[in-house]
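J.: The structure follows.
Chains as they are written, first to last, in this note's numbering: chain W, 3 to 50; chain U, -15 to 549.
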């Protein structure tokens, strides 16, 4: 909830746990996706 | 199924519903009913979003899909993380800032009431029909295999969902979905462990995966750019992006889930949780299907997985041809065992020549089995033209019922019903809320007390439950029903997504231009559907692009004089 007078809930929502900023959170999602694709590709190739 | 399985099944379903009811017993107000409260945190939102998307068919059909065609289906989810990032960055802040209950309220605030009603109407039509399918599809498979009465199964499961969804609203749906998803994961991990445990002694996980790979079942990624191919990396990235953007961004059954906690952080984290986990989750479900495939390389599977249908036809004059095919099948299967042993030995030896020779022999036997299964289906179809010969939906449930111990069977059937009830609950919750907020308040009772609206929301949720159950009860009368509803969804999703994209990104476009553009685009999609052979997935981008294009043209010409709101 709001910590200071006048602070809205939306402003408070700007603090991003774990990642610091939303930009970093989105980059982490893209990195996870690239990792998944690389892993699946390597996995398929290795066992085929 | 034994009594232990029934205890596990009924106990799991009831315990979750009662827990949801207990947690929402003091929430009597409209706010809790329609959009939950701050006690719903991002973890619950994430699981709730996941549970809404994962219907029972996900857990029945996906392993069967991998059994039949390998793991390429995972690529359809490749556009999902990018769509969810866009929704987090653009859609969620706007929905929260305007404090909307339904996504279509935003269309009303951005454009006008007629555009809002159009968006809500398109959603109600396609999601109302889809809710019936969400009930019907697992019921037909489970009742066929277990010999349950189909109508009674639909009625009991449907009424069960309607009761707890109508009583508890959004918060009850989100809380129950968290536990339903937990049961689903517990069941799927248990099933995977049991498959590995049931593989032949001496066959390691490495050997099993090697066999799957060498039999072409691990083809997860295909980078070739081929428009005629249903699943490849590029179609998954582009098509999957549009599909996910429509579904998560504009479908109220999902929007209501991530708006439930009331904070931007909760909504975004809930979606990012799915953006990270959805692709590995689908990979795992498909891989489970691949392991079932390996299991059935050593344990002889039935020639046709829908056994009750097979036995029904067998009792007619088809017994002779089916028996001859069974003899060929048994002999080929025995021959295949030798080829499998050779392949495992060759893999251990590392000799490329021996591996290639064993693969060739195995491929020949596998092709023969595929031909025999095809001939069996032809015999069955000739005797019973109404029979659905695609039997891959019955693969996983056949494995569950015949090769897992009692108790675990009950848990896995509970997984199927948890998935069915969680998706249906979210759909009914969204249908009831949209009907109340976007139609009842706008067209019938603009001024009434909170209590009045709360009762109206409950009545409308129950009414949509009635529609879904009725549709499910008569669903068998429509041929290729599941595909029909998918087509229906694709026809409507494009123009709905187009309306939202115009609202977000084409700020100069006003209500009348957007409304007329959506109508023209919807008509265009319907004409294309009726007059061309374009694959139905393409109607999503076509409808969406048409709305953006027509609304721009109309705003610059016919509606140029319309004032900014």
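Even for Gly, the Cβ is constructed at its ideal location relative to N, Cα and C.
#1: Tell me the rounded alpha-carbon separation between residue 55 of chain U and residue 272 of chain U.
#2: DSSP on residue 63 of chain U, reduced to helix/strand/coil?
#3: Using DSSP bridges, identify the partner residues of residue 18 of chain W.
#4: For residue 24 of chain W, is the classification buried or exposed, using 16 other Cβ atoms within 10 angstroms of its Cβ as the cut-off for buried?
#5: Output yes or no for whether 9 angstroms exceeds the beta carbon distance between residue 258 of chain U and residue 449 of chain U.
#6: Based on Cα-Cα distance, which residue from U/43, U/102, U/367, U/541 lies nearest to residue 398 of chain U?
#7: What does residue 330 of chain U reach in chain W if we use C-beta pairs closer than 8 angstroms?
#8: In three-state DSSP terms, what is residue 201 of chain U?
#9: Spatial neighbours of residue 546 of chain U within its chain, please: CB distance less than 8 angstroms, with the 5 preceding and 5 following residues excluded, ordered by chain position.
#10: What do you get for residue 418 of chain U, buried or exposed, if any count of 16 or more other CB atoms within 10 angstroms of its CB means buried?
#11: Could you tell me if residue -13 of chain U is buried or exposed, where buried requires 16 or more neighbouring beta carbons within 10 angstroms of its beta carbon?
#12: Just by C-beta distance, which residues in the region 187 to 213 of chain U are closer than 8 angstroms to chain W?
#13: Secondary structure at residue 16 of chain U, three-state DSSP: helix, strand or coil?
#14: Let me know if residue 93 of chain U comes out buried or exposed under the rule of 16 or more other beta-carbons within 10 Å of its beta-carbon.
#15: Does the separation of the CB atoms of residue 378 of chain U and residue 131 of chain U fall below 9 angstroms?
#16: Just checking my contact of residue 180 of chain U with residue 190 of chain U at CB under 8 angstroms: how many whole Å lie between their CB atoms?
#17: So, is the C-beta of residue 85 of chain U closer than 9 angstroms to a C-beta in chain W?
#18: For the alpha helix (DSSP H) that residue 291 of chain U lies in, which residues bound it at each end?
#19: Shortest alpha-carbon distance to residue 475 of chain U belongs to which of U/445, U/224, U/526?
#20: Determine, using beta carbons only, whether residue 487 of chain U comes closer than 9 angstroms to chain W.
#21: Would you mind giving the Cβ-Cβ distance between residue 524 of chain U and residue 227 of chain U, rounded to the nearest angstrom? I have them listed as a contact below 8 angstroms.
#22: What separation, rounded to the nearest whole angstrom, lies between the Cα atoms of residue 501 of chain U and residue 535 of chain U?
#23: How would you label residue 171 of chain U, buried or exposed, when you count the other beta carbons within 10 angstroms and need 16 or more for buried?
#24: Could you check whether the Cβ of residue 252 of chain U sits closer than 9 angstroms to any Cβ belonging to chain W?
#25: What residues of chain W sit near residue 267 of chain U, judged by a beta carbon separation below 8 angstroms?
#26: Let me see if you follow: with CB-CB separation under 9 angstroms, is residue 275 of chain U close to chain W or not?
#27: So, at 8 angstroms on beta carbons, what are the nonlocal neighbours of residue 292 of chain U in its own chain, with the 5 sequence-adjacent residues on each side left out?
#28: To which residues of the same chain is residue 142 of chain U closer than 7 angstroms at the C-beta, ignoring the five residues directly before and after it?
#29: Pairing CB atoms from the region 430 to 445 of chain U with CB atoms from the region 474 to 488 of chain U, are three or more of them under 8 angstroms?
#30: Using the Cβ count rule (16 or more neighbours within 10 Å means buried), how would you classify residue 332 of chain U?
#31: Quick one: which unbroken alpha helix (DSSP H) runs of 4-plus residues sit fully inside the region 512 to 538 of chain U? Chain order, please.
#32: Relative to the alpha-carbon of residue 317 of chain U, which residue among U/347, U/490, U/4 has its alpha-carbon at the smallest distance?
#33: Around the Cβ of residue 351 of chain U, are there at least 16 other Cβ atoms within 10 angstroms (buried) or fewer (exposed)?
#34: Considering Cα atoms alone, identify which of U/76, U/0, U/-10, U/116 is closest to residue 459 of chain U.
#35: Between the region 49 to 68 of chain U and the region 259 to 269 of chain U, do three or more beta carbon pairs fall short of 8 angstroms?
#36: Please tell me whether residue 340 of chain U has its Cβ less than 9 angstroms away from any Cβ of chain W.
T.: Inspection of the coordinates gives the following:
#1: Locating residue 55 of chain U in the second chain gives position 71, where the first residue counts as 1. Locating residue 272 of chain U in the second chain gives position 288, where the first residue counts as 1. Cα-Cα distance, rounded: 10 angstroms.
#2: Along the second chain, one-based indexing puts residue 63 of chain U at 79. Looking at residue 63 of chain U - three-state DSSP - the assignment turns out to be coil, as it is neither helix nor strand.
#3: The sequence position of residue 18 of chain W within the first chain is 16, counting from 1. DSSP, once it has assigned bridges, lists W/22 as partnering residue 18 of chain W.
#4: By one-based count along the first chain, residue 24 of chain W stands at place 22. With 16 or more other Cβ atoms within 10 Å, it is buried.
#5: Within the second chain, the letter at position 274 stands for residue 258 of chain U. Within the second chain, the letter at position 465 stands for residue 449 of chain U. It is not a contact, given that the beta carbons lie outside the stated cut-off.
#6: On the second chain, residue 398 of chain U is found 414 positions in, with the first residue counted as 1. Nearest C-alpha to residue 398 of chain U: U/43.
#7: The residue given as residue 330 of chain U occupies position 346 in the second chain. Per Cβ cutoff of 8 angstroms: no residues; residue 330 of chain U is ~14 angstroms from chain W at best.
#8: Here residue 201 of chain U corresponds to residue number 217 of the second chain, with the count starting at 1. It is coil, neither helix nor strand.
#9: The count along the second chain starts at 1 and reaches residue 546 of chain U at position 562. 494, 495, 496, 497, 539.
#10: In the second chain, counting from the first residue as 1, residue 418 of chain U sits at position 434. Residue 418 of chain U comes out buried.
#11: Walking along the second chain from the start, residue -13 of chain U turns up at place 3. Residue -13 of chain U comes out exposed.
#12: 193, 194, 196, 197, 198, 200, 202, 203, 204, 205
#13: Along the second chain, read from residue 1 onward, the residue named residue 16 of chain U stands at position 32. The answer is helix: DSSP assigns residue 16 of chain U an H, G or I state.
#14: By 1-based counting over the second chain, the position of residue 93 of chain U is 109. Residue 93 of chain U should be labelled exposed.
#15: Sequence index remark: in the second chain, residue 378 of chain U carries index 394 (1-based). Sequence index remark: in the second chain, residue 131 of chain U carries index 147 (1-based). For residue 378 of chain U and residue 131 of chain U, no; Cβs fall outside 9 angstroms.
#16: Translated into the one-based positions of the second chain, residue 180 of chain U becomes position 196. Translated into the one-based positions of the second chain, residue 190 of chain U becomes position 206. Incorrect: roughly 11 angstroms between the Cβ atoms, too far for contact.
#17: Mapped onto the second chain, residue 85 of chain U falls at position 101. By this cut-off, residue 85 of chain U is not an interface position.
#18: Locating residue 291 of chain U in the second chain gives position 307, where the first residue counts as 1. Taken as a continuous stretch (DSSP letters only), the alpha helix (DSSP H) holding residue 291 of chain U covers 291 to 298.
#19: Here residue 475 of chain U corresponds to residue number 491 of the second chain, with the count starting at 1. Nearest option by C-alpha distance: U/526.
#20: As a position in the second chain, residue 487 of chain U is number 503, starting the count at 1. So, not an interface residue.
#21: Translated into the one-based positions of the second chain, residue 524 of chain U becomes position 540. Translated into the one-based positions of the second chain, residue 227 of chain U becomes position 243. Rounded, the Cβ-Cβ distance is 6 angstroms, consistent with contact.
#22: Taking the second chain and counting its residues from 1, one reaches residue 501 of chain U at position 517. Taking the second chain and counting its residues from 1, one reaches residue 535 of chain U at position 551. Each residue's alpha carbon lies about 5 angstroms from the other.
#23: For the purposes of this step, residue 171 of chain U is taken as residue 187 along the second chain, with counting starting at 1. It is buried - the Cβ of residue 171 of chain U has at least 16 other Cβ atoms within 10 Å.
#24: Reading the second chain from its first residue, position 268 is the one you call residue 252 of chain U. Chain W, which has a Cβ nearer than 9 angstroms to the Cβ of residue 252 of chain U, makes this yes.
#25: As a position in the second chain, residue 267 of chain U is number 283, starting the count at 1. Chain W residues near residue 267 of chain U: 38, 42.
#26: Mapped onto the second chain, residue 275 of chain U falls at position 291. No, residue 275 of chain U does not count as interfacial toward chain W.
#27: For this step, residue 292 of chain U is matched to residue 308 along the second chain. Cβ within range, chain order: 128, 129, 131.
#28: Indexing the second chain from 1 puts residue 142 of chain U at position 158. 119, 449, 452, 453, 456.
#29: no
#30: Taking the second chain and counting its residues from 1, the one referred to as residue 332 of chain U is at position 348. Label assigned to residue 332 of chain U: exposed.
#31: none
#32: For the purposes of this step, residue 317 of chain U is taken as the residue at position 333 of the second chain. Comparing Cα positions, the closest option is U/347.
#33: Here residue 351 of chain U refers to the residue found at position 367 of the second chain. Exposed: under 16 other Cβ atoms inside 10 Å.
#34: Mapped onto the second chain, residue 459 of chain U falls at position 475. Nearest option by C-alpha distance: U/116.
#35: yes
#36: The residue given as residue 340 of chain U occupies position 356 in the second chain. Not an interface residue.
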